[in-house]
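A.B. asks: With the first letter of the first sequence counted as 1, position 306 gets the number 378 in my numbering; the numbers rise by one all the way through. Even glycine gets a Cβ: it sits at the ideal position worked out from N, Cα and C. Below are the structure tokens for one structure; questions will follow.
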Amino acid sequence: MPNSTADHVNSPWTLAIRAAADQGRPRRAIALYLSSFRSGAAHRPCPFALAAVLKSVSRLPVHTVATAAASFHAHLLRLGLLAHPYPHAALAHLYSRDPVAARSLLDETPPARGRAPHSLLVSRNSLLASLLRSGDLPAARALFDQMPVRDVVSWNSMVAGLAKAGRLDRAIELFDQMPERNAASWNAVICGLIAHGHLTRAREMFEQMPVRSNISWITMISGYAKAGDVQAAAGLFERMENKNDLYAWNAMIACYAQNGCAREAIGVFNRMLKPHVCVLPNEKTFSSVTSACSQLGNLRFGLWVQSFMVSLGIELDDHLRTALVDLYTKSGQIDRAFDLFKGLSKRDVVSYSAMIVGCGMNGKLNEAIGLFNEMSDANILPNAVSFVGLLSAYNHAGLVEEARACFTSMSSKYKIRPSMEHYTIMVDLLGRSGKLDEAFQLIMQMPMQPRASVWGALLLSCRLHNNVELGEVIASKCFEQAPGESGYYILLGNIYASANKWDKVRRLRKTMKERCLSKMPGSSWVLAE
DNA sequence: CTAGGGTTAG
């Protein structure tokens, strides 16, 4: 091993340590450094190797990071290498979760004689980012103003921080003052504009910027995705020349999956796997794809996706687990869903709601209530989806009183406005238990225009309880809302048939023929006749 | 050679 002071930068130890760090093997990088140090191979350890080691420390499990950071901090001090810009920056990055720690590191590293004013620039940029992440804009601004040297990264961080905090005017003002701009500068403003609902202005800047990076495209695509503008997102995606970017595919697949275009989501997924594209999916891709399978109820494809996932060695993170919980509960495999749910590293309102909805769908009332209470005990507030699950559990069990109480407390206690879905469940439950008038009243009280399916739930109840008069009224509402849907005609026909009103059945069939509606194969129409 | 701008679940 060479141990002359000039060679140690490119010594085999340094190369091995940096290689391990680059390959994402943090424990190996750290172990290699420790053995190089103990063996005395490097009388003066290489600062670049130390920077790589500190970077590796940041990839260790969170609880071990603080202790490791402190001991390497002391180690650097002892070696007289703390003020070296590279290990210093790596250490600053390690401390950047905690702005106080990052600040004290910089305070204890005073500007030494002969050191260039920019030598700790990267560390200061880290502290700046840390302050901005913690939301301390005044402190960030103060640091920015007193920095001896600022580069484009400092400016970008400041602009991004202001923009994300909604200080768009200040962000743009600063953006205009920048001595030099790169794609990230534009992206920072665009991202802020999108976050605060100025999608059109964001698009204008996007079209105006001189050079767009992939991040620019992806930021715009996901902006349109969140606004529900699938067309605009797809248009941009097709315009992208460099589609060799997993983030772009993930953004487009998520866009479709989140906006109810499950088939298109799977189409894009298939496209990214084609040999001429061949971008390997990750756990984020699979979260969206699993959600799409679940929306389609396509369990066969879902299972294929899962085996593909296993063959790629994809780890199940909490998002992916939650998507799988949803898929499995929809296919009635509630036990597998529960196993996945139990394996979550952290339960939140989304995962709880997925499991509660799954229990509701599968008639597991006690489990649904248990999960709801457990969630409350954990101080996680329920949301609209949690109540969809709970209400459908009560619906399944036919418990009218409990459902009514639940429906009421949703708005009074939890301040959640009932959606169409909640109303549909209540109408279905009230109707099935013979409270047809109450169900009708509830629909009339709805603050939104009832969809055909809400009336349809009540029409089904009219069929169950052979109520011709109300059935006719409800059916006309269904025809109004969904003129092309023959199912409601068939349902009304069944109501007439069960009351032996055959002339009305005949007239209805004639109307259907006139309106070019055919009866569905396998309907009970034939039996009724 | 670091630091800043991007993708996931009900």
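Would residue 583 be called buried (16 or more neighbouring beta carbons within 10 Å of its own) or exposed?
C.D. replies: Here the question's residue 583 lines up with position 511 in the first sequence. It is exposed - the Cβ of residue 583 has fewer than 16 other Cβ atoms within 10 Å.
A.B. asks: Taking only the alpha-carbon atoms, compute the straight-line gap between residue 545 and residue 570 and give it to the nearest angstrom.
C.D. replies: Stepping through the first sequence from its first residue, residue 545 is reached at position 473. Stepping through the first sequence from its first residue, residue 570 is reached at position 498. Cα atoms of residue 545 and residue 570: separation of roughly 17 Å, rounded to the nearest angstrom.
A.B. asks: Would you mind reading off the limits of the alpha helix (DSSP H) that contains residue 322?
C.D. replies: Looking up residue 322 in the first sequence gives position 250. 318-330 is the span of the alpha helix (DSSP H), which, as asked, contains residue 322.
A.B. asks: Less than 8 Å between the CB atoms is what I'm expecting for residue 157 and residue 192, so what's the real figure, rounded?
C.D. replies: Reading the first sequence from its first residue, position 85 is the one you call residue 157. Reading the first sequence from its first residue, position 120 is the one you call residue 192. Their Cβ separation, rounded to whole angstroms, is 6 Å, which keeps residue 157 and residue 192 in contact under 8 Å.
A.B. asks: Quick check on the burial criterion: 16 or more other C-beta atoms within 10 angstroms. Buried or exposed for residue 82?
C.D. replies: Along the first sequence, read from residue 1 onward, the residue named residue 82 stands at position 10. The residue in question, residue 82, is exposed, as its Cβ has fewer than 16 Cβ neighbours within 10 Å.
A.B. asks: Given residue 479, which residues of its chain have a CB within under 6 Å of its CB, disregarding the five upstream and five downstream residues?
C.D. replies: Locating residue 479 in the first sequence gives position 407, counting from the first residue. Excluding positions up to five away in sequence, the list reads 498.
A.B. asks: Within its chain, find whatever has a CB closer than 7 Å to the CB of residue 351; leave out the 5 residues flanking it on each side and keep chain order.
C.D. replies: Your numbering for residue 351 matches position 279 in the first sequence. These residues qualify, in order along the chain: 316, 318, 321, 344.
A.B. asks: Mapping DSSP to helix, strand and coil, what is residue 164?
C.D. replies: Taking the first sequence and counting its residues from 1, one reaches residue 164 at position 92. Note: residue 164 maps to helix in three-state DSSP.
A.B. asks: Going along the chain, which unbroken runs of the alpha helix (DSSP H) with 4 or more residues stay wholly within the region 333-400?
C.D. replies: 334-345, 355-368, 371-383
A.B. asks: Can you look up residue 506 in the DSSP assignment and give me helix, strand or coil?
C.D. replies: For this step, residue 506 is matched to residue 434 along the first sequence. Coil.
A.B. asks: Once the 5 residues before and after residue 304 are set aside, which same chain residues still bring their CB inside 7 Å of it?
C.D. replies: As a first step, residue 304 is located in the first sequence; it is residue number 232 there, counting from the start. Only 296 meet the Cβ criterion.
A.B. asks: Leaving out the 5 sequence neighbours to the left and right, which residues in its chain are closer than 6 Å to residue 285 when beta-carbon positions are compared?
C.D. replies: Along the first sequence, read from residue 1 onward, the residue named residue 285 stands at position 213. The answer, listed in chain order, is 255.
A.B. asks: Shortest alpha-carbon distance to residue 216 belongs to which of 401, 186, 240, 250?
C.D. replies: Within the first sequence, the letter at position 144 stands for residue 216. Taking only the C-alpha atoms, the option nearest residue 216 is 250.
A.B. asks: Report all residues from its chain with a CB closer than 8 Å to the CB of residue 538; omit the five preceding and five following residues, and keep chain order.
C.D. replies: Your numbering for residue 538 matches position 466 in the first sequence. Excluding its 5 nearest sequence neighbours in each direction, residue 538 has C-beta neighbours in its own chain below 8 Å: 567, 570, 571, listed in chain order.
A.B. asks: How is residue 486 classed by DSSP in three states: helix, strand or coil?
C.D. replies: Residue mapping note: residue 486 aligns to position 414 of the first sequence, counting from 1. Residue 486 falls in the coil class under three-state DSSP.
A.B. asks: Check each candidate in 257, 509, 323 and name the one with the smallest Cα separation from residue 233.
C.D. replies: Numbered from its first residue, the first sequence carries residue 233 at position 161. It is 257 whose Cα lies nearest to the Cα of residue 233.
A.B. asks: Could you pull the start and end residues of the alpha helix (DSSP H) that residue 408 belongs to?
C.D. replies: The residue you call residue 408 lines up with position 336 of the first sequence. First-last of the alpha helix (DSSP H) with residue 408: 406-414.
A.B. asks: Look at the alpha carbon of residue 97 and the alpha carbon of residue 130, and state the distance between them as a whole number of angstroms.
C.D. replies: The residue you call residue 97 lines up with position 25 of the first sequence. The residue you call residue 130 lines up with position 58 of the first sequence. For residue 97 and residue 130, the distance between alpha carbons rounds to 12 Å.
A.B. asks: Following the continuous alpha helix (DSSP H) through residue 549, name the residue where it begins and the one where it ends.
C.D. replies: The sequence position of residue 549 within the first sequence is 477, counting from 1. Taken as a continuous stretch (DSSP letters only), the alpha helix (DSSP H) holding residue 549 covers 540-553.
A.B. asks: Give the single residue among 511, 93, 487 whose Cα lies nearest to the Cα of residue 495.
C.D. replies: Working through the first sequence from its first residue, we reach residue 495 at position 423. Ranking 511, 93, 487 by Cα distance to residue 495 puts 511 first.
A.B. asks: How would you call residue 272, buried or exposed, if buried means at least 16 neighbouring beta carbons within 10 angstroms?
C.D. replies: The residue given as residue 272 occupies position 200 in the first sequence. Per the 10 Å Cβ criterion, exposed.
A.B. asks: To which residues of the same chain is residue 457 closer than 6 Å at the C-beta, ignoring the five residues directly before and after it?
C.D. replies: Within the first sequence, residue 457 is the residue found at index 385, counting from 1. Hits under 6 Å: 425.
A.B. asks: Pick helix, strand or coil for residue 181, following the three-state DSSP scheme.
C.D. replies: To locate residue 181, count along the first sequence from 1; it is residue 109. The answer is coil: DSSP assigns residue 181 none of H, G, I, E or B.
A.B. asks: On the criterion of 16 or more Cβ atoms from any shown chain inside 10 Å, does residue 438 qualify as buried, or is it exposed?
C.D. replies: Walking along the first sequence from the start, residue 438 turns up at place 366. Counting Cβ neighbours within 10 Å, residue 438 comes out exposed, since fewer than 16 surround it.
A.B. asks: Output the distance between the C-alpha atoms of residue 466 and residue 432, rounded to the nearest integer angstrom.
C.D. replies: What you label residue 466 is simply residue 394 of the first sequence in a count that begins at 1. What you label residue 432 is simply residue 360 of the first sequence in a count that begins at 1. Rounded to the nearest angstrom, the two C-alpha atoms are 8 Å apart.
A.B. asks: Would you give the residue range spanned by the alpha helix (DSSP H) that residue 143 belongs to?
C.D. replies: Here residue 143 corresponds to residue number 71 of the first sequence, with the count starting at 1. It spans 134-151 - the alpha helix (DSSP H) in which residue 143 sits, taken as one unbroken run.
A.B. asks: Return the residue from the list 492, 134, 531, 534 that minimises the CA-CA distance to residue 522.
C.D. replies: Translated into positions along the first sequence, residue 522 becomes position 450. With distances taken between Cα atoms, residue 522 lies closest to 492.
A.B. asks: Could you tell me the boundaries of the alpha helix (DSSP H) in which residue 468 lies?
C.D. replies: Here residue 468 is taken as the residue at index 396 of the first sequence, counted from 1. Its alpha helix (DSSP H) spans residues 456-469.
A.B. asks: Going by C-alpha distance, which of 178, 371, 160 is nearest residue 147?
C.D. replies: What you label residue 147 is simply residue 75 of the first sequence in a count that begins at 1. Comparing Cα-Cα distances from residue 147 to each of 178, 371, 160, the minimum goes to 160.
A.B. asks: Do residue 323 and residue 290 have their C-beta atoms within less than 8 Å of each other?
C.D. replies: What you label residue 323 is simply residue 251 of the first sequence in a count that begins at 1. What you label residue 290 is simply residue 218 of the first sequence in a count that begins at 1. Cβ atoms of residue 323 and residue 290: closer than 8 Å.
A.B. asks: With 16 as the cutoff for other CB atoms within 10 Å, does residue 179 come out buried or exposed?
C.D. replies: Against the first sequence, residue 179 aligns to sequence position 107. Residue 179 should be labelled exposed.
A.B. asks: Taking the runs of the beta strand (DSSP E) that are 3 residues or longer, which of them lie wholly in the region 81-127?
C.D. replies: none
A.B. asks: How many angstroms separate the CA atom of residue 401 from the CA atom of residue 460?
C.D. replies: If you number the first sequence from 1, residue 401 lands on position 329. If you number the first sequence from 1, residue 460 lands on position 388. Their Cα atoms are separated by approximately 15 Å.
A.B. asks: Could you pull out every residue in the same chain whose Cβ sits closer than 6 Å to the Cβ of residue 292, ignoring the five residues on either side in sequence?
C.D. replies: Reading the first sequence from its first residue, position 220 is the one you call residue 292. For residue 292, the CB contacts under 6 Å within the same chain, skipping 5 residues up- and downstream, are 278, 308 in chain order.
A.B. asks: With a CB to CB cut of under 6 Å and the five nearest residues on each side skipped, what residues in its chain are close to residue 93?
C.D. replies: Residue numbering aside, residue 93 sits at position 21 when the first sequence is read from its first letter. The answer, listed in chain order, is 101, 124, 127, 128.
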